[in-house]
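Below you'll find the structure, written out as structure tokens, and then a few comments.
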Amino acid sequence: MRRHDRDRFQTVLFAPAARREALFALYAFNYEIARVRERVTEPTLGRIRLEWWRETIAAAYEDGPVRRHDVVDALTDAIRVHGPTREHFDRLIDAREQDLAEQGPTSLAGLEDYAEAASARLIYLALEILGVHDLTARQAGLHVGIAYGLAGLLRAMPHQARASRPLVPAEVAAAASRHLALARGLRSAVARGALPALLPAIVAERYLKAARAGGLRSVRQDRDNP
């Protein structure tokens, strides 16, 4: 986890000790599905892998046995102890299925919808594992998640260009900054316990500053963790 998703690994260190293993499991799951596109040679194989995860998540919500897998074992424990919303897992997997399409989102609204599914839903799950269920924290999570997701797309821009997936960097950066501002506006009303789930806001801001200061191509490419 530390090697594959350093940003989120560091956020977990701010969580109560009793919740850390569950968060590590959640982020390890996210890493597994985020890298499906890079690990397969054709979309059909990617869909098969994602379907495996759909079935595995479904089994985790039941009382019976689950498939043997290091991430699955830890994630099943997290699901059965903390009871996070299953729909969020489904939306995360849906987003990764979108990654397998030849044509990605071409409008800002489409990019924001993708970021909500691929990034904000992960924050919703982290909030629930932390025991935070209030609507203000979820709203902050929405904006932080979209900002982080859009910042991740900016980091991947060189790859996107080679894959003929045109994006408009200035527009994407402006939208990410707007969502960060909206999240900051909610800061005083958000429960302190939500902080570990919302720390990706700091990471997103750092990416955006790097993009503005050094140009898009100076921002390190990392497609695994948008």
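No gaps in the numbering here: position 220 of the sequence shown is 858 in the numbering used here, and each next residue is one more. Beta carbons: idealized from backbone N, C-alpha and C, even for Gly.
Cα-Cα separation, residue i to residue j
| i | j | result |
| --- | --- | --- |
| R724 | A851 | 40 angstroms |
| P838 | V782 | 7 angstroms |
| R677 | R644 | 20 angstroms |
| L773 | H817 | 17 angstroms |
| A716 | Q736 | 26 angstroms |
| G702 | H720 | 17 angstroms |
| A660 | I761 | 13 angstroms |
| A747 | S826 | 28 angstroms |
| R800 | V841 | Confidence at R800 is low in this model, with a pLDDT of 44, below 50, so its placement is unreliable and no value can be given for it. |
| A756 | F727 | 10 angstroms |
| R646 | R734 | 18 angstroms |
| R706 | T679 | 25 angstroms |
| A753 | A698 | 25 angstroms |
| S815 | E843 | 8 angstroms |
| L824 | A794 | 29 angstroms |
Limits of the unbroken alpha helix (DSSP H) element including residue i
| i | result |
| --- | --- |
| V678 | No alpha helix (DSSP H) contains V678, which DSSP labels as neither H nor E. |
| S815 | 807–823 |
| Y665 | 655–672 |
| V782 | 773–793 |
| P834 | 833–836 |
| R724 | 724–736 |
| F652 | First-last for F652: undefined, no H or E at that position. |
| Y751 | Note that residue 751 is Asp in the sequence shown here, rather than Tyr. Segment 746–753, the alpha helix (DSSP H) holding D751. |
Own chain residues within Cβ distance below 7 angstroms of residue i, not counting five before or after
| i | result |
| --- | --- |
| L768 | A653, R657, G831, A832, P834, A835 |
| F667 | V709, L713 |
| T694 | V704, R705, V710 |
| T649 | P834, L837, P838 |
Cβ-based neighbour list, residue i, same chain, cut-off 6 angstroms, excluding 5 preceding and 5 following
| i | result |
| --- | --- |
| A712 | A663 |
| R729 | A755, R759 |
| A750 | A quick correction: the sequence has Glu, not Ala, at residue 750. For E750, where only same-chain residues beyond five positions count, the Cβ hits under 6 angstroms are I784. |
| L763 | L664, P722, H726 |
| P743 | L749, Y752 |
| H642 | Y669 |
| R692 | I731 |
Identity of the residue in the options nearest residue i by Cα
| i | options | result |
| --- | --- | --- |
| A812 | V828, A794, K847 | K847 |
| E766 | T694, R718, A808 | R718 |
| E689 | V810, Q741, D732, L791 | D732 |
| L789 | A808, E700, R692 | Sequence check: residue 789 is Ala here, not Leu. Ranking A808, E700, R692 by Cα distance to A789 puts A808 first. |
| A819 | Q648, G779, R675, S745 | G779 |
| A829 | A775, L791, P681 | A775 |
| V810 | G787, L683, P681 | G787 |
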